[in-house]
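Student: Dropping the structure in here first, questions after.
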Amino acid sequence: MVALPSSRKPAEEVLNTMRRIRTHDAKWHEGRTWSLVFHASDEVTGLLQEAYGLFFSENGLNPMAFPSLKKFEAEVVSMTADLLGGDGQTVGNMTSGGTESILMAVKTARDWARSKKPAVTTPELILPSTAHPAFDKAAHYFCLKTVRVPVGSDYRADVPAMEAAVSPQTILMVGSAPSYPQGVVDPIREIAQVAKEKDVLCHVDACVGGFMLPFVRQLGYQLPDFDFRVPGVTSISVDLHKYAYAAKGASVILYKDSDLRRHQFFVQSDWSGGIYASPSMTGTRPGGALAAAWAIMNFLGRQGYLEIADTVMKTVVRLRQGIEDIKGVKVLGDPPMSILAIGSDSLNIYEIGDALTKSGWHLDRQQNPPSLHLTVTHAHAAVAEQFLADLAQAVAQARRFTLAKLINSIQVGAVKAAARILPEETMSDLTGRASSVMGLTGGQLPGRTAAMYGMMASLPNRGDLDEIVLDLLDQLTRVDETAPADQSGQRYE
Ligand SMILES: *Cc1c(COP(=O)(O)O)cnc(C)c1O
Numbered sequence: 001m002v003a004l005p006s007s008r009k010p011a012e013e014v015l016n017t018m019r020r021i022r023t024h025d026a027k028w029h030e031g032r033t034w035s036l037v038f039h040a041s042d043e044v045t046g047l048l049q050e051a052y053g054l055f056f057s058e059n060g061l062n063p064m065a066f067p068s069l070k071k072f073e074a075e076v077v078s079m080t081a082d083l084l085g086g087d088g089q090t091v092g093n094m095t096s097g098g099t100e101s102i103l104m105a106v107k108t109a110r111d112w113a114r115s116k117k118p119a120v121t122t123p124e125l126i127l128p129s130t131a132h133p134a135f136d137k138a139a140h141y142f143c144l145k146t147v148r149v150p151v152g153s154d155y156r157a158d159v160p161a162m163e164a165a166v167s168p169q170t171i172l173m174v175g176s177a178p179s180y181p182q183g184v185v186d187p188i189r190e191i192a193q194v195a196k197e198k199d200v201l202c203h204v205d206a207c208v209g210g211f212m213l214p215f216v217r218q219l220g221y222q223l224p225d226f227d228f229r230v231p232g233v234t235s236i237s238v239d240l241h242k243y244a245y246a247a248k249g250a251s252v253i254l255y256k257d258s259d260l261r262r263h264q265f266f267v268q269s270d271w272s273g274g275i276y277a278s279p280s281m282t283g284t285r286p287g288g289a290l291a292a293a294w295a296i297m298n299f300l301g302r303q304g305y306l307e308i309a310d311t312v313m314k315t316v317v318r319l320r321q322g323i324e325d326i327k328g329v330k331v332l333g334d335p336p337m338s339i340l341a342i343g344s345d346s347l348n349i350y351e352i353g354d355a356l357t358k359s360g361w362h363l364d365r366q367q368n369p370p371s372l373h374l375t376v377t378h379a380h381a382a383v384a385e386q387f388l389a390d391l392a393q394a395v396a397q398a399r400r401f402t403l404a405k406l407i408n409s410i411q412v413g414a415v416k417a418a419a420r421i422l423p424e425e426t427m428s429d430l431t432g433r434a435s436s437v438m439g440l441t442g443g444q445l446p447g448r449t450a451a452m453y454g455m456m457a458s459l460p461n462r463g464d465l466d467e468i469v470l471d472l473l474d475q476l477t478r479v480d481e482t483a484p485a486d487q488s489g490q491r492y493e
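Numbering of the sequence shown is given in my numbering, commencing with residue 1 and proceeding in unit increments.
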């Protein structure tokens with residue numbers, strides 16, 4: 001256990017310690033990470049920090065006390081709605097992220113059904129198999145049932161199969177624009193059409209695409225319709241802390257009108273502390289996140305986003321060409337934006353991933369089918385050639401060792417199956433920590449390197465493995481007793 005230090009420390013000492021601790025973090029600034037961080041430029045980051053700092057102490061819980069925050073949120077929501085084909089009826093709120101936006105959309109659908117569809121007793125969501133786990137999380141939290149429908153061979157939602165899955169208990173159908181795993185845009189028009197015919201709601205998860213697709217289209221790339229211009233679409237989630245390049249903790253949930261959005265709100269008017277009303281999950285909301293989002297949208301404007309999207313898409317074109325030129329690997333499906341999955345028909349893609357990890361790249365592993373995930377951002381323009389060179393080398397290496405590794409990979413058991421999916425360090429960490437669950441003996445435990453997001457997205461949902469992951473989640477918030485301690489007894493990694 002770590003106790004609160006008994007005395008004060010100089011601020012500079014604390015900060016220096018923190019700078020030292022972060023040296024092993026993923027190198028996002030050099031464009032080495034292909035997920036988790038969206039970096040436009042140092043100028044943009046500087047502006048975000050300044051805007052965030054200006055409103056660092058303000059609390060978005062009560063916008064009446066801070067008319068500035070009220071204005072920022074209203075305008076951010078309005079600008080986002082305008083970008084996504086909204087009209088005078090469109091309403092929305094800022095949330096802490098895509099997950100909260102999706103939680104709200106699902107909760108709203110549940111309460112909408114409670115008031116409009118009394119025959120529904122166990123509400124069901126119809127999801128393409130590629131839809132984000134935030135929908136399962138929402139169903140888990142709000143006691144709903146998810147119906148996952150396999151996608152087609154192009155990784156896009158199979159609309160006839162989704163239609164066939166609709167039951168009298170269905171309340172919401174979901175499509176992604178684009179999906180996270182392969183970056184393809186689901187046939188939103190067709191999904192929304194079915195939803196309309198069946199009198200259920202239709203949510204478009206544009207968390208990652210909402211601030212990219214409109215500009216990609218304006219640049220002349222071909223895209224299917226995906227926003228409020230499509231009849232039947234009733235809500236859209238859009239993250240600002242992704243391709244809007246806002247500070248983390250900023251997303252928008254939009255609804256086609258305020259009647260629907262009313263089901264999102266929560267009021268407790270009986271509390272001794274006064275009348276408490278809250279639009280979304282959180283109570284206190286950081287004013288900085290609202291302010292920084294407003295700042296970046298006003299700073300970049302349409303023109304700024306268009307220029308960044310142009311750079312990103314040129315990088316994507318170069319990467320796709322380069323990947324196509326390397327024999328043995330390919331881009332899965334035909335992603336119209338800047339999210340790509342690299343797969344292989346002949347080689348073990350996870351070995352290629354491990355080789356790339358060794359040359360300093362951070363890529364998430366995916367499954368069904370096995371692939372490596374790339375979120376291309378502005379930061380990757382400068383490193384695309386280096387990445388392609390390292391990829392070619394990793395592929396050559398994987399080809400050389402295929403036979404030996406094939407023999408090695410004839411393994412059984414959940415842990416060993418996981419080993420093919422997870423990066424090496426994560427795996428030894430997991431096996432070490434999982435010893436109690438699996439009856440294994442773990443080796444020395446290395447530092448905690450698990451990329452939670454990638455891990456949660458890539459783990460299969462099987463009993464033993466779930467237990468291991470739950471165990472890991474539990475361990476992540478415990479102090480690492482194996483890390484060396486400094487003079488004051490404080491432990492650092
Ligand atoms: C990132 C993402 C989410 C979840 O957003 P968070 O901000 O991580 O909570 C949901 N859907 C898609 C398609 C995403 O890419």
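Built from N, CA and C at the ideal position, the CB exists for glycine as well.
Just so we're clear, the structure is a prediction, and the values are computed from it rather than from any experiment.
What residues are listed by DSSP as bridge partners for E124?
Tutor: BP columns for E124 point to K145 and T170.
Student: Within 10 Å of its beta-carbon, does I275 have 16 or more other beta-carbons around it, so buried, or fewer, so exposed?
Tutor: Counting Cβ neighbours within 10 Å, I275 comes out exposed, since fewer than 16 surround it.
Student: How far does the alpha helix (DSSP H) with D158 in it extend, from its first residue to its last?
Tutor: Where D158 is concerned, there is no enclosing alpha helix (DSSP H), given that its DSSP letter is neither H nor E.
Student: One question on the structure: do L363 and Y155 come within less than 9 Å of each other, judged by their Cβ atoms?
Tutor: Not in contact: L363 and Y155 (Cβ atoms no closer than 9 Å).
Student: Give the straight-line distance between the Cα atoms of I339 and T130, rounded to the nearest whole angstrom.
Tutor: Roughly 13 Å separates the two Cα atoms.
Student: Closest Cβ-Cβ distance between L347 and chain E: below 9 Å?
Tutor: No chain E appears in the structure shown, which is made up of a single protein chain.
Student: Taking C-beta to C-beta, are V395 and I352 nearer than 9 Å?
Tutor: For V395 and I352, yes; Cβs fall inside 9 Å.
Student: Return the CA-CA distance between K242 and M173, expressed in angstroms with no decimal places.
Tutor: Cα to Cα, the separation comes out at about 24 Å.
Student: What would DSSP say about N298, mapped onto helix, strand or coil?
Tutor: If DSSP states are grouped into helix, strand and coil, N298 belongs with the helices.
Student: Within 8 Å, do at least three Cβ pairs link the stretch 303-318 to the stretch 205-217?
Tutor: Segments in contact, yes.
Student: Verify the contact flag: G97, CB atom, against every heavy atom of ligand 1, threshold strictly below 8 Å.
Tutor: True, at least one ligand heavy atom lies under 8 Å from that Cβ.
Student: Quick one: measure Cβ to Cβ for A157 and I191, integer angstroms, because I've assumed they're closer than 8 Å.
Tutor: With a Cβ gap of about 6 Å, A157 and I191 count as contacting.
Student: Since I188 and F228 are thought to touch, with beta carbons under 8 Å apart, how far apart are those beta carbons, to the nearest angstrom?
Tutor: Their Cβ separation, rounded to whole angstroms, is 11 Å, which puts I188 and F228 out of contact at 8 Å.
Student: Do D364 and ligand 1 come close, with the Cβ less than 8 Å from some heavy atom?
Tutor: No, since every heavy atom of ligand 1 falls outside the 8 Å radius drawn around the Cβ of D364.
Student: What separation, rounded to the nearest whole angstrom, lies between the Cα atoms of K9 and T477?
Tutor: Distance between the alpha carbons of K9 and T477: 24 Å.
Student: Given a threshold of 16 other Cβ atoms within 10 Å of its Cβ, counted over all protein chains shown, does Q89 qualify as buried or as exposed?
Tutor: So Q89 ends up on the exposed side.
Student: Taking Cβ positions, are P279 and Q182 nearer each other than 9 Å?
Tutor: It is not a contact, given that the beta carbons lie outside the stated cut-off.
Student: Using DSSP with H/G/I as helix, E/B as strand and the rest coil, what is D259?
Tutor: If DSSP states are grouped into helix, strand and coil, D259 belongs with the helices.
Student: Once you ignore the five residues that flank Q264 on each side, which residues in its own chain have a CB closer than 6 Å to its CB?
Tutor: Here the set comprises M104 and T108.
Student: How about the stretch 288-299 and the stretch 40-51: do they share at least three Cβ pairs that are nearer than 8 Å?
Tutor: Contact holds: three or more Cβ-Cβ distances are below 8 Å.
Student: When the Cα atoms are used, what is the spatial distance from L347 to V14?
Tutor: Using only the alpha carbons, I get a separation of about 47 Å.
Student: Work out the CA separation of S344 and K330 for me, nearest whole Å.
Tutor: When rounded, the distance between both Cα atoms is 6 Å.
Student: Based on DSSP bridge pairs, tell me the residues matched to F266.
Tutor: DSSP output for F266 lists S278 as bridge partner(s).
Student: Do you know how far the Cα of L391 is from the Cα of E385?
Tutor: For E385 and L391, the distance between alpha carbons rounds to 10 Å.
Student: Determine, using beta carbons only, whether K117 and I171 come nearer to each other than 9 Å.
Tutor: A contact, by the Cβ cut-off of 9 Å.
Student: Relative to the C-alpha of S115, which candidate in E73, N93, L260 and M94 has its C-alpha closest?
Tutor: The candidate whose alpha carbon is nearest that of S115 is L260.
Student: Would you give the residue range spanned by the beta strand (DSSP E) that N93 belongs to?
Tutor: Looking at the DSSP string, the run of the beta strand (DSSP E) that includes N93 is V91 to T95.
Student: State the beta-bridge partners of T366 as determined by DSSP.
Tutor: One detail in the question is off: residue 366 reads as Gln in this sequence, not Thr. For Q366, which the question treats as bridged, DSSP gives the partners S371.
Student: Any chance the CB of H241 is under 8 Å from a heavy atom of ligand 1?
Tutor: At least one heavy atom of ligand 1 is nearer than 8 Å to the Cβ of H241, so yes.
Student: Between which two residues does the beta strand (DSSP E) harbouring D82 extend?
Tutor: Looking at the DSSP string, D82 is not in any beta strand (DSSP E); the run it does join, the alpha helix (DSSP H), is P67 to L83.
Student: Cα separation between N16 and S359?
Tutor: Going by the C-alpha atoms only, they are around 28 Å apart.
Student: Could you check the C-alpha separation between W361 and I349 for me, to the nearest Å?
Tutor: If I take the Cα positions, the gap works out to 14 Å.
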